[in-house]
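Undergrad: First the structure, then my questions, so here it is.
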Amino acid sequence: MLIEGENCWRIAPASRAAFLIDADAYFSAFRDAVARARHTVMILGWDIDTRTRLTRPGAEGPAWTLLPFLNQVLEERPELRIYALAWDFSLIYTLEREPLPTLRFAREAHPRLSFRLDAAHPVWASHHQKIVVVDDWLAFTGGLDLTIRRWDTPAHRAREADRVDPAGHPYPPVHDVQMMVEGPAAAQLGLLARARWERATGERIPTAPADRGWQLWPAGVTPDATEAPVGIARTIPEMEGTDGATEVADLSRAMIGAAHRWIYIENQYLTSAAVGSALAHRLGEEDGPEVVIVLPREEHGWLEQSSMGIMRARVLRRLADSDRFGRLRLYYPTVPDLAAGCMNVHSKVMIVDGAVARVGSANLSNRSMGLDTECDLALDAALDPRLGPVVDGFRDRLVAEHLGVEPRILREATARLGSLIGAVESLRGAPRTLEALPVPADPGAAVAGAPSGSSLNLAMFDGLFCDPERPAPDLLVDTFVPTGLRTPVHRSLRGWVALVVALLVLAAVWRFTPLRGLLHVDRITALGRKLASYPAAPVWMLGGYLLGGLIFFPITVLLGATALVFDPLPAIAYCLTGTLASAAVTYWIGRLIGRFRAGWLSGPRLTRFETQLRKRGMLAIVAARLLPVGSFSLINMAAGAFRIGFGDYMLGNLIGVLPGILAITLFADRLGSTLRHPRGSNLVTLAAVALALVAVLSWIRRRLARHA
């Protein structure tokens, strides 16, 4: 099954390997292993939260959370260094993430703990790998990040006093799986982690010494396999200077195509067109395998249900239609007394026959097959026959947990009936069980949980931004542009396509959600006039910009909101005053922070910015405002920390922001007129104004870029 260079990156031996089911087991093993580290710990995650609780409140010893624990280990190990790399997440996840993690690490982390955010990915992609490597000899990967709202035990009790977030709010049961490997397989994951760190930061992490005389394997963890070959499969999107990898997708198709008796899947999502096609093909075969899939009952929140939910429904409908021989079963897990009726399935597991077991970060979604970075581990009994019982035992543990029985009971039922489906059906029906997941007759029907009066269907943008397998600009260019012209066109059109798609999303949200009624243009205009009539209006606006700068709120959003609410002349005055005041305050905060030369000032992007500031002075500030180089507040703080002259800095801001403010104000005026009177002539005028403004700003940026 596993073929190095085709459906996996490396096949390397693990002296020991173990499946860690649910976060209690993983967090405990992580804590034990890191406490034994001597040289290097590398942490890669979709999210890394300093508040993550690693121990239960009632457990013996300190009630550790992540950052204090890492600091304590570094105090005890003078030669140890820890590197943490998290995805530089999209704005849409702001309310779900720890506020300003970079500043939290910079302020509270030990000097030998380096934290960075990784933005080295294509448009709309994410870094989704969850990897921890300890001394290049022990490694973890799977579905679990070191973040909040993940901890649970295999009991998955409906009411669990320890299952609360940092604010003390309880969250529902959550099921997940991590895999731990020791030896050369872990060293290969160390190479993968180092390559990503260097791509994101420009820095190299030293390799741990080979003569390890210390034990890293966590106490109390019994290995499931010893001296076992482990396959490492990746998804890496194509980027400039980086070849892509689609081993996760290739391995998925290979596993499904090779199955003889059964395919068992647990996953958060099932929206991948490639996986859906492969499963449908096997279900249509007269002698194909049984297919058992465990999913969440539904996606979380109406927005996700309106996109990924509808796309999943399409795949499920196709599978049901292909199931001519009754070999498909779709389930969701339930536990007694749970109000919602279903726990959250976050695991990413695929097992076929007694042959191959795969655990990792990759969802069965399009983006996990080609757009996001992923990492999965696989055991293949064809490479070592001793792994056959290991694979079967892993399957029995997972399914038995969902059914509330001992693995032995499931194993005996499967052997007696000669069918995984038969065994599950014979054991279902207890308070804790696997319930049949209904297949919608109409996948495009209105979404349960959506706002009243809404028929939002974001799945109509399938393949573009909801769940793309490749960056949307790449898809459009490859469709319409001849091969010889694609490279330069890719570079020039990506930003334009991103802008167009953003406007399409805004139009869809405006058209299909209650936003249109709540934010009616006349209401906004009336609100603006009312605010403008108050003597304290300038003070309120100034306060809004100052607060926005302190919490790193996007300045463009503030400018756009101001331009929409107020008439053009007051809007220009408020935008300019607020922007400059916010720039001044964040500059002086940077001056204060700069005394300590915090770690966040040492990345390659800010180093280049510092060089330009030193060399160009005011012109560099103008360029930073007109060219897309980074966060408004972060650039301000960096300018202060690098002790750029305040007079030049403020003059550069004035020159740099004025064209953008004038453009936004003019565009907002035309946009308001178009929304009030959506006639064809107004739409044409709005489009013409937008194109003219973009052309002018692009010309200014090109001219400036030649001299910056």
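Okay, so the sequence shown: first residue is -16 according to this note's numbering, each after it adds one. Glycine included, every Cβ here is placed at the ideal spot set by N, Cα and C.
What residues in its chain sit with their C-beta under 7 Å from that of S616, if we drop five residues either side in the sequence?
TA: For the purposes of this step, residue 616 is identified with residue 633 of the sequence shown, where counting begins at 1. Only G532, F535, T569 meet the Cβ criterion.
Undergrad: State yes or no: is the C-beta of D336 within less than 7 Å of the C-beta of A242?
TA: Residue mapping note: residue 336 aligns to position 353 of the sequence shown, counting from 1. Residue mapping note: residue 242 aligns to position 259 of the sequence shown, counting from 1. Yes, these two residues count as a Cβ contact at 7 Å.
Undergrad: Quick one: any contact between the stretch 328 to 348 and the stretch 358 to 365, if contact means 3 or more CB pairs under 8 Å?
TA: A contact exists between the stretch 328 to 348 and the stretch 358 to 365.
Undergrad: Please determine if the stretch 180 to 200 and the stretch 45 to 54 are in contact, where contact requires at least 3 C-beta pairs separated by less than 8 Å.
TA: The stretch 180 to 200 vs the stretch 45 to 54: no contact.
Undergrad: Starting from F214, follow the beta strand (DSSP E) in both directions and report where the run begins and ends.
TA: What you label residue 214 is simply residue 231 of the sequence shown in a count that begins at 1. Before going further, note that residue 214 is Gly rather than Phe in the sequence given. It spans 208 to 219 - the beta strand (DSSP E) in which G214 sits, taken as one unbroken run.
Undergrad: Rounded to the nearest angstrom, what separates R19 and L417 at their Cα positions?
TA: Locating residue 19 in the sequence shown gives position 36, counting from the first residue. Locating residue 417 in the sequence shown gives position 434, counting from the first residue. Distance between the alpha carbons of R19 and L417: 39 Å.
Undergrad: Return the CA-CA distance between P(-4) and V640, expressed in angstroms with no decimal places.
TA: Taking the sequence shown and counting its residues from 1, the one referred to as residue -4 is at position 13. Taking the sequence shown and counting its residues from 1, the one referred to as residue 640 is at position 657. One C-alpha to the other measures close to 57 Å.
Undergrad: In whole angstroms, what is the alpha-carbon distance linking S344 and G526?
TA: By 1-based counting over the sequence shown, the position of residue 344 is 361. By 1-based counting over the sequence shown, the position of residue 526 is 543. Near 42 Å, if we compare the C-alpha coordinates of G526 and S344.
Undergrad: Grab me the residues of I131's own chain with a C-beta within less than 7 Å of its C-beta, minus the 5 sequence neighbours each way, in chain order.
TA: Sequence index remark: in the sequence shown, residue 131 carries index 148 (1-based). Correct list, in chain order: D32, R34, T35, D148, P149.
Undergrad: Does the stretch 53 to 72 come close enough to the stretch 151 to 171 to have 3 or more Cβ pairs within less than 8 Å?
TA: The answer is no - the stretch 151 to 171 does not touch the stretch 53 to 72, with fewer than three Cβ pairs under 8 Å.
Undergrad: Out of curiosity, what's the CA-to-CA distance linking E249 and Q161?
TA: Locating residue 249 in the sequence shown gives position 266, counting from the first residue. Locating residue 161 in the sequence shown gives position 178, counting from the first residue. The alpha-carbon atoms of E249 and Q161 are separated by roughly 13 Å.
Undergrad: For Y252, which residues in the same chain have their Cβ closer than 7 Å to its Cβ, ignoring the five residues on either side in sequence?
TA: For the purposes of this step, residue 252 is identified with residue 269 of the sequence shown, where counting begins at 1. Excluding sequence neighbours, Y252 sits near M291, R295, N346, L347, S348.
Undergrad: Would L530 be called buried (16 or more neighbouring beta carbons within 10 Å of its own) or exposed?
TA: Sequence index remark: in the sequence shown, residue 530 carries index 547 (1-based). Label assigned to L530: exposed.
Undergrad: Leaving out five residues on either side along the sequence, give the residues of the same chain with a beta carbon under 6 Å from the beta carbon of F10.
TA: Stepping through the sequence shown from its first residue, residue 10 is reached at position 27. These residues qualify, in order along the chain: L37.
Undergrad: How is V504 classed by DSSP in three states: helix, strand or coil?
TA: As a first step, residue 504 is located in the sequence shown; it is residue number 521 there, counting from the start. The pLDDT assigned to V504 is 48, lower than 50, so where the model puts this residue is not dependable, and the model offers no usable value.
Undergrad: What do you reckon, are the CB atoms on V164 and A122 nearer than 7 Å?
TA: The residue you call residue 164 lines up with position 181 of the sequence shown. The residue you call residue 122 lines up with position 139 of the sequence shown. Contact: yes.
Undergrad: Rounded to whole angstroms, what's the CA-CA distance from E282 to V275? Just pull it up for me.
TA: For the purposes of this step, residue 282 is taken as the residue at position 299 of the sequence shown. For the purposes of this step, residue 275 is taken as the residue at position 292 of the sequence shown. Cα-Cα distance, rounded: 19 Å.
Undergrad: Do you know offhand how far S260's Cα is from P84's?
TA: Taking the first residue of the sequence shown as 1, we reach residue 260 at position 277. Taking the first residue of the sequence shown as 1, we reach residue 84 at position 101. Approximately 40 Å, taken between the alpha carbons.
Undergrad: Suppose the cutoff is 7 Å on Cβ atoms and the five residues either side in sequence are ignored; what does the same chain contact list for Q171 look like?
TA: Within the sequence shown, the letter at position 188 stands for residue 171. For Q171, where only same-chain residues beyond five positions count, the Cβ hits under 7 Å are R(-7), A(-5), I215.
Undergrad: I need the boundaries of the beta strand (DSSP E) containing D159, first residue and last residue.
TA: Along the sequence shown, one-based indexing puts residue 159 at 176. D159 -> no beta strand (DSSP E), and no H or E assigned at all.
Undergrad: Less than 7 Å separating the beta-carbons of I219 and A228?
TA: Counting from 1 along the sequence shown, the entry for residue 219 is found at position 236. Counting from 1 along the sequence shown, the entry for residue 228 is found at position 245. Yes, the Cβ-Cβ distance between I219 and A228 is below 7 Å.
Undergrad: Let me know the secondary structure DSSP gives H110 once reduced to three states.
TA: The count along the sequence shown starts at 1 and reaches residue 110 at position 127. Strand.
Undergrad: Helix, strand or coil, according to DSSP, for A716 in the structure here?
TA: Outside the displayed span of the chain (-16 to 691) sits residue 716, for which this structure offers no information.
Undergrad: Please work out which residues of its chain come closer than 7 Å, Cβ to Cβ, to P167, disregarding the five sequence neighbours upstream and downstream, and give them in chain order.
TA: Taking the first residue of the sequence shown as position 1, residue 167 is located at position 184. Closer than 7 Å at the Cβ level, and outside the excluded window around P167, lie A(-5), P(-4).
Undergrad: Look at the alpha carbon of A256 and the alpha carbon of A263, and state the distance between them as a whole number of angstroms.
TA: Residue mapping note: residue 256 aligns to position 273 of the sequence shown, counting from 1. Residue mapping note: residue 263 aligns to position 280 of the sequence shown, counting from 1. Those two C-alpha atoms are separated by around 10 Å.
Undergrad: What residue from R14, H22, T23 has the CA that sits closest to A46's CA?
TA: As a first step, residue 46 is located in the sequence shown; it is residue number 63 there, counting from the start. Checking every option, the nearest Cα to that of A46 belongs to R14.
Undergrad: Taking a contact to mean a Cβ-Cβ separation below 7 Å, would you say I692 touches R380 in this structure?
TA: Here the chain comprises residues numbered -16 to 691, so residue 692 is not present and cannot be evaluated.
Undergrad: With a CB to CB cut of under 7 Å and the five nearest residues on each side skipped, what residues in its chain are close to V116?
TA: Reading the sequence shown from its first residue, position 133 is the one you call residue 116. Only M25, A122, A169, L172, G173, A176 meet the Cβ criterion.
Undergrad: The beta strand (DSSP E) spanning P316 covers which residue range?
TA: Here residue 316 is taken as the residue at index 333 of the sequence shown, counted from 1. Looking at the DSSP string, the run of the beta strand (DSSP E) that includes P316 is 311 to 317.
Undergrad: Going by DSSP in three states, P153 sits in which element: helix, strand or coil?
TA: As a working mapping, residue 153 is identified with position 170 in the sequence shown. Strand.
Undergrad: Is the beta carbon of L410 closer than 7 Å to that of P212?
TA: Taking the sequence shown and counting its residues from 1, the one referred to as residue 212 is at position 229. Taking the sequence shown and counting its residues from 1, the one referred to as residue 410 is at position 427. No; because the gap between Cβ atoms is not below 7 Å, this pair is not in contact.
Undergrad: Could you check which residue in Y66, V157, Q112, L27 has the C-alpha nearest to that of L321?
TA: For the purposes of this step, residue 321 is taken as the residue at position 338 of the sequence shown. Ranking the options by Cα distance to L321, first place goes to V157.
Undergrad: Do S305 and L266 have their C-beta atoms within less than 7 Å of each other?
TA: Position 322 of the sequence shown, counted from the start, is the residue given in the question as residue 305. Position 283 of the sequence shown, counted from the start, is the residue given in the question as residue 266. Yes, the pair counts as a contact, with Cβ atoms nearer than the cut-off.
Undergrad: Assuming Y66 is part of the alpha helix (DSSP H), what are its boundary residues?
TA: Looking up residue 66 in the sequence shown gives position 83. Per DSSP, Y66 belongs to no alpha helix (DSSP H); it is in the beta strand (DSSP E), 64 to 70.
Undergrad: Going by the beta-carbon positions, is the gap between I404 and R312 smaller than 7 Å?
TA: By 1-based counting over the sequence shown, the position of residue 404 is 421. By 1-based counting over the sequence shown, the position of residue 312 is 329. Result yes, Cβ atoms of I404 and R312 sit closer than 7 Å.
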